Each structure stands twice: as C-alpha cells, then as structure tokens.
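Positions 73 to 440 (the working numbering) are the ones given, in order, by the sequence shown.
Backbone N, C-alpha and C define an ideal beta-carbon position, used for all residues, glycine too.
Being a predicted model, the structure only gives us computed values, none of them experimental.
Down below is the structure, laid out as structure tokens.
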Amino acid sequence: MSCIRQRSFVYSQFAGRVVFSAGAVRDVAAEVRRLGCRRVLVLSTPEQRGLAESVREQLAELAVGLHDGAQMHVPVGVVRDAQAVATQLGADGFITVGGGSTTGLGKMLTLESGLPLLVIPTTYAGSEVTPLYGTTQDKAKTTGKNPAVLPKTVIYDPELTLDLPLPVSLASGMNAIAHAAEGLYAADLNPVIRLMALEGISALARALPALRDAPRDIGLRADCLYGAWLCGMVLANVGMGLHHKACHVLGGSFALPHAEMHAVMLPHALAYNASAAAPALASLSVALGGSGKAGDAPGEVFALLDLLRLPTALSALGMPEDGLDRAARRMVERPYPNPRPLEQARLRTLLDDAFHGRPPRIDVGSLS
Ligand SMILES: NC(=O)c1ccc[n+]([C@@H]2O[C@H](COP(=O)([O-])OP(=O)(O)OC[C@H]3O[C@@H](n4cnc5c(N)ncnc54)[C@H](O)[C@@H]3O)[C@@H](O)[C@H]2O)c1
73 MSCIRQRSFV YSQFAGRVVF SAGAVRDVAA EVRRLGCRRV LVLSTPEQRG
123 LAESVREQLA ELAVGLHDGA QMHVPVGVVR DAQAVATQLG ADGFITVGGG
173 STTGLGKMLT LESGLPLLVI PTTYAGSEVT PLYGTTQDKA KTTGKNPAVL
223 PKTVIYDPEL TLDLPLPVSL ASGMNAIAHA AEGLYAADLN PVIRLMALEG
273 ISALARALPA LRDAPRDIGL RADCLYGAWL CGMVLANVGM GLHHKACHVL
323 GGSFALPHAE MHAVMLPHAL AYNASAAAPA LASLSVALGG SGKAGDAPGE
373 VFALLDLLRL PTALSALGMP EDGLDRAARR MVERPYPNPR PLEQARLRTL
423 LDDAFHGRPP RIDVGSLS
C-alpha cells in the first residue's frame, strides 16, 4: 500500500457549528436562540413540508412562517419568491429542512440578505458545509463560491433521514463518496482533509450495503450522515476534478438526476485517473475495504453500485445517446484541475462505457 505524506500544505478552516445526534432536532429552538434569532423562516420542498412542519412546531414562537417552495437546482424565481415571503414576515434568519435543493435555496437567501442560516440536512449531498452555491434561470446554471453562503449551524439528526427512500439514500451516499474520492487526488489536498476523506468513504462503504437490508436502522443512518458530513467537508475544502466536471456538464446540459448520475460516473472517472493518481486510488481502495491496489479501486466502486442495486448506465437515467459527443466536447472546455490531462476522444469512449453501463476501463500505465 502506498502512502501520501505531505510535508507542505495549506489548511484553512471554515468556522461553523455542527450539532450531531439522533434527536438533535429537538434542540433546534436553543440553537436558534444561540444565533440571536427570534423570527426565523423555515424552508422546505413541497414533499418535505410535513418534516418542516414538525421543526416549526419545535420552534413555536421563534418561527414566523414556513415556505415550502424549494425546488431542484434553485430556480432564480424561487429565490425571489422566498425573499418576498421573508421580507413580508420580517424574518431574521432561515432554517432549511431537506436535501441539497433546499439547502441551496437557504444559501442564496443568506447570501443576498446577510441573515443567518441554520441547515438541517436530510440527504447525504453535503452542500451544508460547502461555500459553493448555484442557481438556474432559463435552463442555464450559474455557480459560485463564497463563504458567506455557509450556515452558522448545521444540525445533523439521523432520525430525519429514516424516511429517505432507500434508492435515494444509496445514490446520495455514492454522491458523498464521489466528493471524497476526487478529493484524494486534489492538488490542494492537505493531511486533515485526507483523513476526513478516508474516514468518510469508509463509514459510507460499510454502512450503505447494510442499509439496504435495514433502511430504518438508526445506527446505520447515523454512520451514513457522519460519512456524508466528512465527504462534504472534502468538497468544501479542496478542488474537484474530472468526475465533478463531467457531472456538472451532464447535470447542466441534460438535467440528469444529481446523485444517481454521480454514482454512475464515478468508477469511470476514477479509471481515467488511475495511472496518474495511483497512491490516491490505492488509499481509496483501502477505505472501501478493497484490495488496496490502485488499479482495483474503480472496479470496487463499480461493484459497490452493483451491490447497492443502483443504476450503472447513463441510458437508464434519461441521457440521450446523441448528446454524448456534445458532453465530451463540453468536458474539455474550461476543465477543472485533474491529475491526468483531459483528452476529448478518450472521454467520448468513457462516456460511451458509462452510457451502456460497462465496467470502467483502465487504459494506461502499470498499477500496483
Ligand atoms: N453546493 C454544494 O456544495 C452542493 C453539494 C451537493 C449537492 N448540491 C446540489 O444539491 C442538489 C441535490 O441534492 P440532493 O441529492 O440532496 O437532492 P434533493 O434535495 O433534490 O433531494 C432528493 C430527493 O429526496 C427527497 N428527500 C429529501 N429528504 C428526504 C427525507 N428526509 N425523506 C424523504 N424524502 C426526502 C426530496 O424530496 C427529493 O425527491 C443538486 O441541485 C446539487 O447541485 C450542491
């Protein structure tokens, strides 16, 4: 097994309070008071309104309202509507209850108003700890990075994830693993984030297969949420490469489902980078409970998808085959930093493999 020992690095920390425990949501009122807020607006999607109602009840007079207009990809119109509601009610802070889509709305509201944000995540997307944000308008996605979008407090309560449907849970867990897996070969990786990446991957790789047989096991749900937090911290702190670029292109241009698309693409992106990032992939394999050989890591991720009975083909997610050329072209435009330079022709074959659900192929170099 190879080892990355970094003797020179930069580590800067985003300050934020994390409260993690089963039942933690019952302390939400104390956390809101701690932020100095007295009139918070609770935000959710229409589907998570029931869960958000229960949070609002915990808050009693500290909540001025509940807005359930959050939508996938944070449409600008939704941000405007929620802002208008917040202004009308005189809100002095925001609480989101939901997955990355709802967290994304809260981030935009806090960015534009300067009011504090408290996030209660109910998926494993990890957005709650990253300074990254995005909105969509007329099908075009605008993204940005600004620490001002970060919540002041995150409450992780695994009880709130018990009803997250199993296929969504498993795909969301793979989305989290993707953040940490790519972080392992980031040029700006540091030893603290590396530890978080390995611990996050190993927590999820152990818990997700077990969750398939026991989706309401609170211990497994806690392990998944813990792993998701750590993997989110990796996404927040180091640069992402080919895999995230590919998902940005596929999600933005073809509106593929976010977490499932990450799951399908990850083995292929890792295989592309295997020879250029062998020590990182060897450590990934160890964290997955695999052989510890770099060349085995992409196949081990692919096998995990199979074990979790997740889709392995972009075709199953609604990707049009005649969009693959365009996707390969876009992936090499303004590329993210990546251990191996991006070659459009090879990426086109990679996309073909991902489209048809073939196993990942490792094409260059000898790997141990
Ligand atoms: N900015 C970042 O750092 C970052 C990181 C990851 C994801 N994202 C963004 O987040 C979005 C994806 O987030 P997501 O994967 O969490 O999806 P999501 O928020 O859209 O939720 C996925 C599905 O799960 C349902 N759901 C959520 N919580 C539930 C619960 N507790 N019980 C039952 N159903 C529940 C939702 O209704 C939805 O149908 C994308 O827009 C992505 O770009 C941003």
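Check: Simplified DSSP assignment, three categories, for alanine 349; Outcome: coil
Check: Alpha helix (DSSP H) runs wholly inside the region 227 to 256, at least 4 long, in chain order; Outcome: 238 to 255
Check: Beta-carbon gap between glutamate 119 and isoleucine 227 smaller than 8 Å; Outcome: no
Check: Presumed contact (8 Å Cβ cut-off) between proline 193 and glycine 178, rounded CB distance; Outcome: Actually they are not in contact, since the Cβ atoms of proline 193 and glycine 178 sit about 11 Å apart, beyond 8 Å.
Check: Contact test: glutamate 231 Cβ vs ligand 1 heavy atom, cutoff 7 Å; Outcome: no
Check: Contact set for serine 387: own chain, Cβ-Cβ below 8 Å, skip 5 residues either direction; Outcome: Glu393, Phe427, His428 and Gly429
Check: Helix, strand or coil at leucine 380 according to DSSP, with G and I counted as helix; Outcome: coil
Check: The region 155 to 171 contacting the region 137 to 145, beta-carbon criterion three pairs below 8 Å; Outcome: yes
Check: Of the residues Pro188, Glu184, Ser199 and Pro287, the one placed nearest threonine 175, counting alpha carbons only; Outcome: Ser199
Check: Identity of the residues DSSP links to alanine 300 by a beta bridge; Outcome: Partner(s): none; alanine 300 has no beta bridge.
Check: Residues sharing a beta bridge with isoleucine 167, DSSP; Outcome: Val114 and Leu190
Check: Cβ-based neighbour list, alanine 94, same chain, cut-off 7 Å, excluding 5 preceding and 5 following; Outcome: Asp229, Pro230, Glu231, Ile290 and Ala294
Check: Local conformation of arginine 433 per DSSP, three classes; Outcome: coil
Check: Nearest neighbour of valine 112, chosen from His316, Gln143 and Leu161 [CA to CA]; Outcome: Leu161
Check: Pairwise C-alpha distance: leucine 187 and alanine 454; Outcome: Residue 454 cannot be examined here, being either before or after the span of the chain that is shown, 73 to 440.
Check: Simplified DSSP state of methionine 73, which is helix, strand or coil; Outcome: Because methionine 73 carries a pLDDT of 43, less than 50, the predicted location of this residue cannot be relied on, and no value is offered for it.
Check: Check: proline 147 C-beta below 7 Å from any heavy atom of ligand 1; Outcome: no
Check: Nearest-angstrom beta carbon gap, alanine 335 and arginine 246 [assumed within contact, 8 Å]; Outcome: Per the sequence shown, the amino acid found at residue 246 is methionine instead of arginine. Right, the Cβ-Cβ distance comes to about 4 Å (below 8 Å), so this counts as a contact.
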